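First up is the structure itself, then whatever we jot down about it.
2 protein chains.
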Amino acid sequence: MTDSVLTAVDASFDPYTGAERGGVDHTSPAEVEGMLALAVRAGSVLAATSPATRESWLSAVAGALLEHQEELAVLADEETGLGLPRLRAELAGTARSTLFYASVAVEGSYLGASSDLVSESISLARWNIPVGPVTVFGASNFPFGFGVFGHDVASALSAACPVIVKAHPAHPRLSVRIAGIVRETLLSAGAPAGTYDLVVGFDAGLQLVDSPAIKTIAFTGSERGGMALRDRAAVRGVPVFAEMGTVNPAFVTAAAVADSAGTEAIAAGYVGSFTLGAGQFCTKPGLIFAPAGSGMFDAVARHVAEVPAAPLLTAGIAVRFASGTAELAAAAGDSAASAALVGEGYAAAAQVFRVAIADLIPGSRLLEECFGPVALVCEYDDGAAALDALAGLQGSLAASVFTGGSTDPETAGILARLLPKVGRVALNAWPTGVANTWSQQHGGPWPATSRPEATSVGAGALSRFVQPVALQNADPRTLPVFFAPENPWHIPRRIDGVLTLPVPSAVPLSASKDLS
Amino acid sequence: MTDSVLTAVDASFDPYTGAERGGVDHTSPAEVEGMLALAVRAGSVLAATSPATRESWLSAVAGALLEHQEELAVLADEETGLGLPRLRAELAGTARSTLFYASVAVEGSYLGASSDLVSESISLARWNIPVGPVTVFGASNFPFGFGVFGHDVASALSAACPVIVKAHPAHPRLSVRIAGIVRETLLSAGAPAGTYDLVVGFDAGLQLVDSPAIKTIAFTGSERGGMALRDRAAVRGVPVFAEMGTVNPAFVTAAAVADSAGTEAIAAGYVGSFTLGAGQFCTKPGLIFAPAGSGMFDAVARHVAEVPAAPLLTAGIAVRFASGTAELAAAAGDSAASAALVGEGYAAAAQVFRVAIADLIPGSRLLEECFGPVALVCEYDDGAAALDALAGLQGSLAASVFTGGSTDPETAGILARLLPKVGRVALNAWPTGVANTWSQQHGGPWPATSRPEATSVGAGALSRFVQPVALQNADPRTLPVFFAPENPWHIPRRIDGVLTLPVPSAVPLSASKDLS
Chain S
1 MTDSVLTAVD ASFDPYTGAE RGGVDHTSPA EVEGMLALAV RAGSVLAATS
51 PATRESWLSA VAGALLEHQE ELAVLADEET GLGLPRLRAE LAGTARSTLF
101 YASVAVEGSY LGASSDLVSE SISLARWNIP VGPVTVFGAS NFPFGFGVFG
151 HDVASALSAA CPVIVKAHPA HPRLSVRIAG IVRETLLSAG APAGTYDLVV
201 GFDAGLQLVD SPAIKTIAFT GSERGGMALR DRAAVRGVPV FAEMGTVNPA
251 FVTAAAVADS AGTEAIAAGY VGSFTLGAGQ FCTKPGLIFA PAGSGMFDAV
301 ARHVAEVPAA PLLTAGIAVR FASGTAELAA AAGDSAASAA LVGEGYAAAA
351 QVFRVAIADL IPGSRLLEEC FGPVALVCEY DDGAAALDAL AGLQGSLAAS
401 VFTGGSTDPE TAGILARLLP KVGRVALNAW PTGVANTWSQ QHGGPWPATS
451 RPEATSVGAG ALSRFVQPVA LQNADPRTLP VFFAPENPWH IPRRIDGVLT
501 LPVPSAVPLS ASKDLS
Chain Y
1 MTDSVLTAVD ASFDPYTGAE RGGVDHTSPA EVEGMLALAV RAGSVLAATS
51 PATRESWLSA VAGALLEHQE ELAVLADEET GLGLPRLRAE LAGTARSTLF
101 YASVAVEGSY LGASSDLVSE SISLARWNIP VGPVTVFGAS NFPFGFGVFG
151 HDVASALSAA CPVIVKAHPA HPRLSVRIAG IVRETLLSAG APAGTYDLVV
201 GFDAGLQLVD SPAIKTIAFT GSERGGMALR DRAAVRGVPV FAEMGTVNPA
251 FVTAAAVADS AGTEAIAAGY VGSFTLGAGQ FCTKPGLIFA PAGSGMFDAV
301 ARHVAEVPAA PLLTAGIAVR FASGTAELAA AAGDSAASAA LVGEGYAAAA
351 QVFRVAIADL IPGSRLLEEC FGPVALVCEY DDGAAALDAL AGLQGSLAAS
401 VFTGGSTDPE TAGILARLLP KVGRVALNAW PTGVANTWSQ QHGGPWPATS
451 RPEATSVGAG ALSRFVQPVA LQNADPRTLP VFFAPENPWH IPRRIDGVLT
501 LPVPSAVPLS ASKDLS
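Residue numbers (UniProt numbering), protein chains in the order written: chain S, 1 to 516; chain Y, 1 to 516.
Here is the structure:
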């Protein structure tokens with residue numbers, strides 16, 4: 001490859017108006033090669049660092065992002081139209097998540113340290129090493145949380161992997177600005193050059209995917225994009241952790257809508273959840289099953305009529321929303337659907353369609369995600385048939401079940417059918433909003449993700465970026481420092497099959513504040 | 001699909017003579033459908049069992065296999081030619097491994113139980129559920145260890161997944177006999193019908209791969225076979241854990257061959273290791289780097305000349321061994337290579353070829369596995385160049401490093417280069433022979449496996465057959481029993497981010513024996 005004379009550009013567009021507002025040059029092949037070489041070198045350095053060292057780097061990045069909160073929120077709003085309050089909160093959440101992933105590394109379970117004296121002549125030690133340089137393809141819909149420094153990047157860095165991210169074309173100027181802050185902060189904090197970098201442009205992204213230097217790829221976006229990446233990377237056997245869009249179903253039991261207040265609260269919540277961020281959440285609930293006679297469709301439609309139009313992220317998403325809602329209307333047999341795009345820029349109007357169980361058959365358009373503020377209501381006569389339809393859906397990231405409370409006899413049966421198909425099930429709550437904790441699971445069976453065992457939010461997110469190795473008959477001095485008898489990193493370890501915990505250390509200052 | 005009038009057959013051949021000795025009918029499409037339906041039903045039952053219950057089933061199977069040890073070893077020898085001592089030992093090891101996997105399930109870490117009170121309005125519980133029915137494609141070279149009831153099957157059953165195995169055409173009669181014993185024993189022990197079954201025939205195997213009932217596939221065999229399975233299953237997003245053949249390199253430092261006794265011991269060990277089981281081990285060392293002047297090639301060649309010819313497993317393997325060794329001879333520039341196949345049946349003579357570092361370039365035949373008793377010796381002048389060549393090899397299951405002892409200054413540098421490319425590194429030991437313990441890693445980066453994060457031997461083997469789920473805002477009574485406050489299964493759990501261990505239970509009888 002050679003650099004072309006005319007440099008291609010990712011143009012920046014304002015979703016409120018559709019107007020172009022500058023842009024960012026694509027990264028040249030030579031520049032990408034330079035980044036890859038630096039990342040390989042950084043990989044060796046990072047592999048030898050302690051989690052506490054990386055925590056200090058990531059803490060500096062979290063601080064720097066918060067220092068630039070207002071500037072970044074304004075820039076993000078110019079390119080996404082998601083609104084300042086949401087964007088400020090998303091950035092604050094990203095800073096918290098960064099600290100969380102670093103703390104997960106410090107806790108040390110992710111290292112999987114284990115050693116056995118098998119016999120007089122055989123000893124084995126097993127632990128997880130970082131895979132090396134990682135490429136992250138962020139999403140359009142969370143410019144901070146799943147952008148050029150979001151969950152994937154922070155968890156990979158926590159696991160000691162350098163990261164080269166590809167800027168999403170929906171927010172090129174923001175991507176470049178964030179990357180500049182992150183790169184500079186990491187260097188100042190002592191991280192080696194090559195720990196983090198950014199490329200712009202489709203070809204630069206492909207160059208990363210095809211490079212033998214890149215050992216793992218994380219992606220958040222459409223099923224089409226994720227599957228194309230998976231298949232391209234399969235040629236050289238590189239893992240692709242793709243988190244893709246799904247129809248996240250909700251199920252309402254008879255007891256949950258025993259009175260009209262129940263229906264009203266669920267309808268209001270449903271509309272609030274599926275129009276949040278203009279319906280551009282990967283956990284957006286897209287299909288609700290409610291008992292016939294509950295009046296669910298009418299209640300949802302009333303609330304939908306009150307939702308103001310909101311801008312979609314890009315012109316492409318707006319076009320696909322228009323065609324997607326037309327397809328849904330046709331599949332649902334709704335000939336009177338209103339206009340999907342209204343007013344200036346990429347503004348879209350919320351939509352809802354009524355569907356019959358008989359239409360929810362494999363291959364139907366109704367069972368595919370439509371990105372944007374649209375959802376389906378299925379009122380069922382026969383609870384068993386509805387449950388069969390629910391269990392027959394493709395894998396989803398999340399689902400909701402609304403019950404009449406802890407004594408609702410339907411709950412156990414619904415959960416037994418749902419859990420094998422879904423990463424997370426929320427009871428009497430909506431799936432949008434993903435808490436970042438040790439017990440979070442943001443994943444699910446294909447096509448929710450390409451890796452049903454993985455999660456892209458929560459403590460498990462680090463596991464995507466390590467691989468186990470075993471060393472047989474090693475002199476103890478050859479093993480990583482965390483195997484030393486004094487357990488210098490204070491991590492859980494398995495010794496001869498028995499899980500052992502570190503001796504609790506003194507209460508850290510940051511935690512003791514709350515005790516005073 | 002309909003049953004054909006003429007049933008196809010997997011014929012059984014005697015590797016010592018090449019003579020056909022009966023055969024086994026292929027499973028019909030209708031029979032496979034019946035098995036799949038039973039497996040789905042068994043999956044629901046198994047998911048609700050405790051690890052201790054499954055341990056009792058698996059313990060019964062281990063006992064039944066040992067009861068039939070002599071019968072099965074004789075039958076295996078008739079179809080594999082691996083010899084009775086090895087086959088008796090392999091079966092005994094399989095019985096031990098079965099108990100080990102069951103004990104790993106009982107220990108409970110594999111469940112990944114974790115719960116968090118995130119806020120006043122959000123609680124999360126996360127744990128691993130069994131994926132459901134699994135299909136296992138066993139290998140030809142370990143009729144017990146990786147056959148129709150080996151590591152993959154025992155670890156899947158321990159993790160509460162029903163298994164339908166495909167018989168390897170190299171040992172159809174043995175497969176059917178083992179399956180009969182296992183099926184009957186499981187039923188007698190109380191396991192539901194459909195917990196375990198066997199199909200025979202290529203088409204029956206494909207029917208399993210394509211069935212929506214099968215949630216995960218485990219395979220041990222050639223790279224070609226593993227990749228074909230991976231790509232076929234990718235259409236419906238099903239994980240394939242393929243463990244494939246690799247060139248497992250060995251590296252000898254200068255200090256390790258400081259005297260001729262060092263060279264002699266390593267040469268003898270190398271030949272013993274790469275001709276073990278007629279070189280039909282996936283961990284067979286296939287390429288050794290030794291310092292020029294050590295006399296390694298000559299010493300290895302002397303030992304090779306003394307190895308008696310031994311039968312390969314199948315006619316197909318014998319043919320590929322003949323063509324493979326001819327290709328290696330050509331690539332190594334050895335025009336005087338001796339005959340690969342000698343005597344009766346599938347008997348093969350051990351071979352060794354001298355190669356130059358300059359020939360070890362990507363794409364060379366020298367860097368691909370050749371199944372059978374053949375290996376390469378590379379004598380290096382320049383240690384740094386040899387290390388570069390070593391680090392440039394494809395991913396391998398295992399590697400060996402021979403050093404001058406714990407003070408050898410080369411050790412650390414070699415390990416740093418090797419570990420990212422290899423599942424297990426043995427120091428001053430050969431890679432053949434894989435202890436089944438908590439700290440084992442039998443896997444490695446592609447093309448060693450399709451899943452660098454996985455292992456098919458050791459405690460981690462269960463992880464291939466579970467997937468995480470999170471339940472948000474669940475009534476505690478809705479959660480699995482192992483979340484109950486009294487920790488009824490005595491498993492490690494993470495509560496609000498803190499790993500907690502079960503209260504130690506009384507010393508079990510089987511362990512207390514050793515104390516008397």
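The beta-carbon is built from N, C-alpha and C at its ideal position, and this holds for glycine as well.
Model, not experiment: these values are computed from the prediction.
Express the C-alpha separation of residue j and residue i in angstroms, rounding to a whole number.
i	j	result
V422/S	N248/S	8 Å
L276/S	I214/S	35 Å
E107/S	W489/S	8 Å
V165/S	A47/S	19 Å
L157/Y	E33/Y	20 Å
H442/Y	D259/S	58 Å
I317/Y	T449/S	38 Å
D152/S	N141/S	14 Å
W57/S	A189/S	5 Å
G226/Y	M244/Y	7 Å
L515/S	P504/S	For L515/S, the predicted model reports a pLDDT of 34, less than 50, meaning its position is unreliable; a value from the coordinates is still stated below. When rounded, the distance between both Cα atoms is 17 Å.
S273/Y	G279/Y	8 Å
R320/S	F371/S	8 Å
R236/S	A331/Y	24 Å
S400/Y	V252/Y	8 Å
Q467/Y	G345/Y	46 Å
D382/Y	E55/Y	53 Å
R354/S	D334/S	8 Å
L501/S	G286/Y	40 Å
A511/Y	A95/Y	Here A511/Y scores only 39 on pLDDT, less than 50, and its place in the model should not be relied on; the value that follows carries that caveat. Spanning the two alpha carbons is a distance of roughly 18 Å.
L499/Y	P485/Y	15 Å
F137/Y	E369/S	35 Å
Y110/Y	D231/S	30 Å
S294/S	G413/S	21 Å
D408/Y	L415/Y	12 Å
A265/Y	V300/Y	10 Å
Report the partner residues of residue i according to the DSSP bridge assignment.
i	result
E243/S	T220/S and T449/S
C282/Y	The partner list for C282/Y (beta bridge, DSSP) is empty, contrary to what the question assumes.
V498/Y	I495/Y
T135/Y	I164/Y and I217/Y
P291/S	Y380/S
N128/Y	P468/Y
P311/Y	A347/Y
F402/S	V252/S
Y196/Y	V163/Y
R417/S	DSSP, once it has assigned bridges, lists no residue as partnering R417/S.
For my contact list, residue i and residue j are in at a C-beta cut-off of 8 Å; report their separation, rounded to the angstrom.
i	j	result
T185/S	V61/S	5 Å
G395/S	G444/S	5 Å
V374/Y	T325/Y	5 Å
L390/Y	R417/Y	6 Å
L124/S	Q472/Y	That pair is no contact at about 39 Å.
Check your understanding: Does the segment 427-444 of chain Y come close enough to the segment 193-211 of chain Y to have 3 or more Cβ pairs within less than 8 Å?
Key -> Contact between the segment 427-444 of chain Y and the segment 193-211 of chain Y is absent, with fewer than three C-beta pairs closer than 8 Å.
Review point. What alpha helix (DSSP H) runs, 4 residues minimum, are completely inside the segment 23-82 of chain Y?
Key: Segments of the alpha helix (DSSP H) lying fully in the segment 23-82 of chain Y: 29-47, 51-67 and 69-80.
Review point. At a cut of 8 Å, does the segment 127-137 of chain S reach the segment 38-58 of chain S through at least three beta carbon pairs?
Key: Three or more Cβ pairs closer than 8 Å define a contact, and the segment 127-137 of chain S meets that threshold against the segment 38-58 of chain S.
Check your understanding: What beta strand (DSSP E) runs, 3 residues minimum, are completely inside the segment 335-372 of chain Y?
Key -> Taken in chain order, the complete beta strand (DSSP E) segments of 3 or more residues contained in the segment 335-372 of chain Y are 351-355.
Review point. With a cut-off of 8 Å, do at least 3 Cβ pairs link the segment 6-20 of chain Y to the segment 142-149 of chain S?
Key: Flag = no, the segment 6-20 of chain Y and the segment 142-149 of chain S do not touch.
Check your understanding: Is the segment 167-186 of chain Y touching the segment 76-89 of chain Y, taking contact as three or more C-beta pairs under 8 Å?
Key -> Contact holds: three or more Cβ-Cβ distances are below 8 Å.
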